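Before any comments, here is the structure.
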């Protein structure tokens, strides 16, 4: 829109002509056609999405319109003035193009220029039948528009507005606007608009009830691809357009960033990022993959099309729909659009499995949500897929009728006895409608019951697996609890440790404690033993559950060493004997005032965010387990306070202990760190030391700065919040195995003994490791790739070419580009929405001439057989000698190798000068016209760590010169951190920018380097685009590069050079046959006694063509 309210004369004339035509159309059609009556019973809601000096933009949602209507007229008018609507005006805004109606619903925007508005008036949106004037028989619906004082101020400013009686822009009779009775054609919308369709991209989504997993097609128009410049600067530089988020989600009524709505008003279910492809190509390479994973293109005309797969939003601040708004933190009210969608969240259940307390069996705890108005359901544990066998009396392992459900959510525990379970089967929970039998039409939700091997060993041990049976032999307050433990099927072992422990606390067992009773059993024969374990009554806690574990001698108990375990069932009567209650006093005396209850104590600590990320990241590929009473919630590990605190509230000094254990494992078991039984010793008002138990010993793990913590004293408890923690050298070396890390702040409460706050237990975090699809050793296809003749010629000459292939999944990612005979990964690409994939690039300089196959490998395989025939010439080629290279590989990887991996590196023909590895004496050649060449340095770096579990050698270092890009090319062999064998040759490992030659050398000065797709696939540790250490190199090319002197004495040398020069790739894609022809002519001339030496390659080509 214009910044002023005055229209141009050309615009005015156009509108006047259009208005006249519309008026004539109304006279011809509107007055001669009888229209049926339509009650104004449609629902119309609207909201102002933009208010500025140019005017107002109103987003309209309508429902309840006539079912047979396919379109309508709509206008923003002064409330109640529909009688004044005519071909000449009478409205503040008229909807162009005419709104479409589907299933009785419509969504559109109205944009009113400032000269059509009056803040003294009240406005409404009116919707009526096409080709008619609005009246009681034709109006479909109407609804008021709420315009706030602040929005009016944004339009007119805070000063008093113009008198509407004297403002020439408010006279409806003189405004040559659009005649609502005539279709003005296909004039594009002045602002962004949004349409939503079902998966076919044709059927409007309005009226359809959608659920999770359904796909919709979103089409946008009027989205300026050059808008939204600014933002946070990452991942898209703030000098570029940031694009537009296209979201399916649940948004509040006032969700727009332009009105200051918080992000909590926008709960995203599914999102794509609409961005012009030309902008995406300018995004730094390390960020492009993250954007491309959710990218759709905004065309130059402002249109886009996106396919969204629906899923529930994590929160429900408002209503479901499709929404668009500026990406990257940019606010653009004109792109804040929405279309309501009828979405039904499906009922869901989650199931947690555990060994039943007090009896042999499995308890499946079911948590359900999204059950709507349902008040009762049946829930059962069944063998997977056997719902047809369920009856009122059987066919299930456990069943309950759940009554009194409110708010669509419930939790129920289903106890399945061991006798009803079969270890060879799998089980699931089904929830179905009350008063029915389970079937396809009645089952509301289902989920698998995951029973761990450890739990199966307790509930239904394998007949041939090691086992232990634990029974209570006696229980007295004086002599304690005696358990008879009988081991069986233990094989050929002659000794084992046996202990009675609190269930699940084996990580706390040491040679000196962590158990209620323990014995070292010697002389086992026949794989069986029977012993008694006796625990003193005072060491037992009635609120706990206990088990017997048997593990390998001379080890500590863990997943790899425990041979068998069994739950111990202690009856209530036995507990009454072990822990008798106090005698009833004869005379209670005068009752004393009750003592105020002291809140329970706890410790909340994330340990180390970086260490946790490392454990669950791509390097360690590990997991985090919480046990022994500890929990985890919102990233914090939580420990309950143990009994026996010596903390003195009066002095603020003393010791407080907490219960529980956190175990970090990684590198396929090589890294194994357990932090248990944390204890805080407060020595002064400002300092404390955090001790943890590791390997059976207490270690001073960290120092705490209490002076920087928030301290609160209430109800007898003292809480320190966010006390900064610093890792001690003992904590680093004895607990974290040499890994140095920044610790997270510690929060703790000193109160009464208590259990840990509620949270998750067991495995609370684990690395998400995606198994790579192996690259076939031979080409899986030799057809299906499309390439034009010019590109094929360039490809076969070693130049840059573009290939395409179809048949992949829409927007399929990680399609591998591989060239054969020996497979070499060149990169990965992403298919477009139509399933077409393309790649542009050149072949590696290391690829030899001959027959090859270029492939695209994904959900389907496509190929292209070709013959590489790079030319051989010495003219224009620069001989390279004495090149140097300095590169540190990756600093964080070197730190990891020397630190937590307890490893190092072995160098062959490479020097290490901190912080770089250094090569010298590199040699090769460069075609100075195409700037293509190869410099070989050789050498090898063998990285080892984790006692040999990691053993990777990177060797045969080269720099490939390819125009403006340089590659570090290597061979990779050995065993990766993931334990996978690797042996790949000629890997383009790192990519960096290549400068121009100057002063007789190409000088690369600390150029930023990133890991390539091929490097990521070969090395197996980091993702493509990962930042590597900068590259520095000096490649001498000589001041006379490409110039040869004309001399008879050089005849022999010239002929030799023609056949012996190193083959190099033409990065610019120039055809190679002219140079071959020129070389043949040159040889013939030399043999005949004449010498013709061309100074540049172009001159050689001219000789060949002549």
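Residue numbers (mature numbering (1 follows the signal peptide of the UniProt record, and there is no 0)): -39 to -1, 1 to 1067.
Think of the CB as a built atom: it goes at the ideal place given N, C-alpha and C, for glycine as much as any other residue.
Since the model is a prediction, treat every value here as computed from it, not as a measurement.
Residue nearest to residue 982 within the set 350, 824, 857, 765 is 857 (criterion: CA-CA distance). Straight across, the Cα-Cα distance linking residue 561 with residue 539 is about 26 Å. Secondary structure remark: continuous beta strand (DSSP E) runs of at least 3 residues inside the segment 400 to 488, in chain order: 404 to 410, 428 to 437, 441 to 449, 457 to 463, 478 to 482. Taking a contact to require three or more Cβ pairs closer than 8 Å, the segment 196 to 203 and the segment 305 to 320 do not qualify as touching.
By a beta-carbon distance limit of 8 Å, residue 781 contacts residue 816. Their separation comes to about 7 Å. Between residue 668 and residue 650, the C-beta gap is not smaller than 9 Å, which leaves the two residues out of contact. Around the beta carbon of residue 593, 16 or more other beta carbons sit within 10 angstroms, so the residue counts as buried. Under the DSSP assignment, residue 977 falls in the alpha helix (DSSP H) whose first and last residues are 974 to 980. The C-alpha of residue 105 lies about 8 Å from the C-alpha of residue 40. If you check the CB distance, residue 54 and residue 36 come in under 9 Å. For the set 930, 720, 62, the Cα lying nearest the Cα of residue 30 is the one of 62. Under the three-state reduction of DSSP output, residue 866 falls in the strand class.
Residue pairing by DSSP places residue 253 opposite no residue, since no beta bridge is assigned to it. Residue 229 sits away from residue 204, with the two beta carbons spaced by 9 Å or more. Residue 617 is bridged by DSSP to 641.
Measuring C-alpha to C-alpha distances from residue 679 to each of 270, 687, 710 identifies 710 as the nearest.
Under DSSP, residue 206 takes part in a beta bridge, and its partners are 234, 286. Secondary structure of residue 382 (DSSP, three-state): coil. Fewer than three Cβ pairs drawn from the segment 237 to 245 and the segment 318 to 330 lie within less than 8 Å of each other, which leaves the two stretches out of contact.
For residue 465, the CB contacts under 7 Å within the same chain, skipping 5 residues up- and downstream, are 588, 589 in chain order.
Residue 683 and residue 670 have their C-alpha atoms some 5 Å from each other.
The C-alpha of residue 519 is placed about 10 Å away from the C-alpha of residue 510. Beta-bridge partners of residue 857 (DSSP): none assigned.
Straight-line measurement puts the Cα of residue 448 at about 11 Å from the Cα of residue 482. Put simply, the backbone Cα of residue 367 is about 9 Å away from that of residue 337. Looking at the DSSP output, residue 190 bridges to 202. Assignment of residue 490 by DSSP, reduced to helix, strand and coil, places it in the strand class. The alpha-carbon separation between residue 282 and residue 58 amounts to approximately 22 Å. Counting along the chain, the unbroken alpha helix (DSSP H) around residue 755 starts and ends at 750 to 757. Of 633, 646, 620, 69, the smallest CA-CA separation from residue 613 is found for 646.
The C-beta of residue 224 has fewer than 16 other C-beta atoms within 10 Å across all chains shown, which makes the residue exposed. The segment 893 to 912 makes contact with the segment 802 to 821: 3 or more CB pairs, one atom from each, lie closer than 8 Å.
For residue 599, the enclosing beta strand (DSSP E) covers residues 597 to 602. Bounds of the alpha helix (DSSP H) holding residue 575 are 570 to 576.
Around the C-beta of residue 386, fewer than 16 other C-beta atoms lie within 10 Å, and the residue is accordingly described as exposed. Using a 10 angstroms sphere on the CB of residue 875, the tally of other CB atoms stays under 16, which defines it as exposed.
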